[in-house]
Amino acid sequence: MKRILKAGLAGIAVAAMLSIALPAAALPPKPQLFVVTSTTDLHDIAHSVGGARTEVIHISEGYQDPHFVEAKPSFVLRLRKA
């Protein structure tokens, strides 16, 4: 009776260890986050927060006023990707 109990507990222990270890290994990598910012300052902040998991693009350059940047079709494509 004790042998059966020990074998059953060992089986449960192995099953518990496998159930903990396997899902972590089977998780797919998290997708990269695309961020579009209006200024280079916000670009730096988003890149600092997101790190390697983000791809950050800025629309205006540092010398431009973001309120007066003319819209381009390429901006729409960038925003659509984000």
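Residue numbers (numbering that gives the first Met the number 0): 0 to 81.
Positions of the beta carbon are idealized from the N, C-alpha and C atoms, including for glycine.
If residue i and residue j are in contact, beta carbons under 8 Å, what's the gap, nearest whole angstrom?
i      : j      : result
His-42 : Thr-53 : Between Thr-53 and His-42 the Cβ distance is about 10 Å, and since that is not below 8 Å, they are no contact.
Val-35 : Leu-78 : 5 Å
Thr-38 : Pro-65 : 5 Å
Val-48 : Ser-59 : The pair is not a contact, with the Cβ atoms about 20 Å apart (cut-off 8 Å).
Taking the alpha-carbon positions, what's the residue i to residue j distance?
i      : j      : result
Gly-50 : Val-75 : 24 Å
Val-13 : Arg-2  : 16 Å
Met-16 : Gly-10 : 10 Å
Any idea which residues DSSP pairs residue i with across the strands?
i      : result
His-42 : According to DSSP, His-42 bridges with nothing at all.
Leu-35 : For clarity, residue 35 is Val in the given sequence; the question names Leu instead. BP columns for Val-35 point to Ile-56.
For the alpha helix (DSSP H) containing residue i, list its first residue and its last residue.
i      : result
Phe-74 : 72 to 80
Going by DSSP, what residue range makes up the beta strand (DSSP E) through residue i?
i      : result
Val-68 : That residue, Val-68, is in no beta strand (DSSP E); it is neither H nor E in DSSP.
Ile-56 : 53 to 57
Rank the options by C-alpha distance to the C-alpha of residue i and give the top, closest one.
i      : options                  : result
Val-55 : Ala-70, Gly-7 and Leu-32 : Leu-32
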